[in-house]
Structures are given as structure tokens and as C-alpha cells.
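Undergrad: Following this message is one structure expressed as C-alpha cells.
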Amino acid sequence: MSGAGTEPGLRELLDRPGLRLGTYIGEFSSHGLGQILATAGCDFAFVDMEHSGFGFETAAGVLRGLHGAGVASLLRVPSGARHHLQRAADIGAQGVIVPMVGSIDEVRSAIAALKYPPEGQRGVALGLAHDDYGVAPIADTFAVANRRVCFVPLIETAEGLENCEAICAETGVDAIWIGHLDLTSSLGIPGAFDDPIFTEAIARIMAAAQSAGVPVGQLVMRPEDGAACHRDGSDLICYSSDIWLLRDALTRGFAEIRAGRD
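Here is the structure:
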């Protein structure tokens, strides 16, 4: 069958056991970005619309470049609103991350918006980016799309923590993501990652995910933190961001040049 998401993507990545590495994209949308990431050995990119200036048109271009280079995509939408979710699916997001998910009702609503009948109530638009602009029988297109589009709730609030077991166990949840900074803020200990309240929260989420058999993703700033998170059970490690990688590399390089100029 042609069209309808024929290239390997996030679903295949999630089905593959072991460590999977990615990075955060929230500033740069260069046409060569996907190939640059692929050359570096990047498995996936976390493309952000919640905390960036990216609109759907920009995000669509970024996704196309990633997929063309064989890099899987996770697109964080601005909110869990139905129109945000459906547009994310229509522009070809392989995985949709929804911020601030707190309840099982929010999970079910998101899944309904992302899946075609009989699994959901996604509005039908065929032959677009999510179908790789191809044409196939409608029943086949629905089945491929429902398998291809993955749903990843962000657990980053006290409410989400309280409901993490039900969220992880819900049919249609393909992975979860831990929003560590927002979670500490919601728990009243902003940035206190060593606080027992936070470490116990992480342990609870990890146990819920392990029990449900769903992968866990986290953002880390240092390679050693990524290795530690993987040892603790996280499968999807998002290392740094386009902004911070450029900034930090320039900072180090400039410092070394200044130190060695005399």
C-alpha cells in the first residue's frame, strides 16, 4: 500500500527495546535539521509548540524534514484542545505529546481526537501530510493512521501524579513523558530535584509505567543524567535542545580561544 505513513517512525521506535536517544527542537527549523540529527545518530526529535514560537506551518516543515531523514517525531502541542490534537495528527506528527495531563478523562478525550473510528472520533481528511500525500482505501488508511499516531501524555502536575497508574494503564497510551520541572513546581518544591517528595513521585510514576509496560521519556541536560535516567528505567532520553547545545558549544569554544590567545 502506498501513502498513509509508509516510512518507519515513532511506532517502530517504541516497539524496539532498549535506549532511544533524541533531542529537543524549539528554535531552529532549518531544512537540513533532520539530516544533521540523523548523522549524529539521533533516533527521535521532541518538537515543541508549547514553549516555542512554532506554529503549525513551521512544525509541519520540521516534521517533514525529520521524517525524510529517518528521524522519528514527537510533537508537543500547545494544549489538549481537540483542534490542536487533530491538526498535529493531520500535519503528520508520529507522536503527540499533550502537556499538563491530569485525569483519565483528559487521556480519553485526547485519544478520541487522535484516532479515527472505531477507536476515536478524529475528523477525516485524507491524502494530506499524515498520509504522505498518498491515496489508499479508506479502511486501510484509518487502520494505518490509528497505528501510526502515538499518544504520549505529559505527567507534570500533582493531579497527574495522583492518577498516574490509571493514565499509564489506559489503552491508547503509547508512552509517557515526565515533566520534571513542572512537576516540582506543582508539588510546591520548584527545582528541588533531590527532595524526597520529588524522588518518591518519580519512583511512583516509573512503577506505574513499568506495570503497564509503557516506555518513559525524560529531558536531560547532561549526558551523565541521561545515563542515570536510563539506568532508572527511562527508555526515551531527550538530550538538551537546539538552543542550549549551540549556546553551550559557543560558550566553551569562545572561552578556550580567549584562554589560549596569549
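Oh and the sequence shown: position 256 is 1225 in the working numbering, straight run, nothing missing. C-beta atoms are modelled at their ideal positions from N, C-alpha and C, and glycine is treated no differently.
Which residues in the same chain have their Cβ closer than 6 Å to the Cβ of Glu1088, if we skip the five residues on either side of it in sequence?
TA: Numbered from its first residue, the sequence shown carries residue 1088 at position 119. Closer than 6 Å at the Cβ level, and outside the excluded window around Glu1088, lie Asn1115.
Undergrad: For His1053, is the classification buried or exposed, using 16 other Cβ atoms within 10 angstroms of its Cβ as the cut-off for buried?
TA: For the purposes of this step, residue 1053 is identified with residue 84 of the sequence shown, where counting begins at 1. His1053 is buried by the Cβ-count criterion.
Undergrad: One question on the structure: do Arg1077 and Glu1131 come within less than 9 Å of each other, judged by their Cβ atoms?
TA: Counting from 1 along the sequence shown, the entry for residue 1077 is found at position 108. Counting from 1 along the sequence shown, the entry for residue 1131 is found at position 162. Going by C-beta atoms, Arg1077 is not nearer than 9 Å to Glu1131.
Undergrad: Mapping DSSP to helix, strand and coil, what is Cys1119?
TA: By 1-based counting over the sequence shown, the position of residue 1119 is 150. Note: Cys1119 maps to strand in three-state DSSP.
Undergrad: What residue from Met1069, Val1113 and Leu1002 has the CA that sits closest to Gly1039's CA?
TA: Walking along the sequence shown from the start, residue 1039 turns up at place 70. When only C-alpha atoms are compared, the closest one is Leu1002.
Undergrad: Who are the Cβ neighbours of Gly1030 in its own chain at under 7 Å, not counting the five residues just before and after it?
TA: Numbered from 1 along the sequence shown, position 61 holds the residue referred to as residue 1030. Ser998, listed in sequence order.
Undergrad: Helix, strand or coil: which one does DSSP assign to Gly1049?
TA: As a first step, residue 1049 must be located in the sequence shown, where it is residue number 80. Correct three-state label for Gly1049: coil.
Undergrad: Grouping DSSP H, G and I as helix and E and B as strand, with all else coil, what is Phe1162?
TA: Position 193 of the sequence shown holds residue 1162. In the structure shown, Phe1162 sits in coil (DSSP, three-state: anything other than H, G, I, E or B).
Undergrad: Less than 9 Å between CB atoms is the rule here; does Ala1014 satisfy it with respect to chain C?
TA: Absent here is chain C; the protein component of the structure consists of one chain.
Undergrad: Got a sec? Which residues, its chain only, sit under 8 Å from Ile1124 by beta carbon, not counting five neighbours each side?
TA: Locating residue 1124 in the sequence shown gives position 155, where the first residue counts as 1. These residues qualify, in order along the chain: Val1070, Leu1130, Cys1133, Ile1136, Ile1145, Trp1146, Ile1147, Gly1148, Leu1152 and Ile1174.
Undergrad: Report the option in Ser1048, Phe1023 and Pro1192 whose CA atom is closest to the CA atom of Glu996.
TA: For the purposes of this step, residue 996 is identified with residue 27 of the sequence shown, where counting begins at 1. If we check each option's Cα against that of Glu996, Phe1023 comes out closest.
Undergrad: From Leu982, Thr1168, Pro1106 and Gly1157, pick the residue whose C-alpha is nearest to that of His1036; which is it?
TA: Within the sequence shown, numbered from 1, the residue matching residue 1036 stands at position 67. Checking every option, the nearest Cα to that of His1036 belongs to Leu982.
Undergrad: Bridge partners of Cys1207, per DSSP?
TA: Here residue 1207 is taken as the residue at index 238 of the sequence shown, counted from 1. DSSP lists Gly991 and Leu1188 as partners of Cys1207.
Undergrad: Counting only the same chain and skipping the five closest in sequence on each side, list residues whose C-beta sits under 6 Å from that of Ser971.
TA: Counting from 1 along the sequence shown, the entry for residue 971 is found at position 2. In this prediction, Ser971 scores a pLDDT of 34, lower than 50, which makes its location untrustworthy; the coordinate-derived value is nonetheless stated afterwards. Correct list, in chain order: Gly1103.
Undergrad: Based on Cα-Cα distance, which residue from Gly1049, Leu1083, Asp1074 and Ala1050 lies nearest to Gly1061?
TA: Within the sequence shown, the letter at position 92 stands for residue 1061. Checking every option, the nearest Cα to that of Gly1061 belongs to Leu1083.
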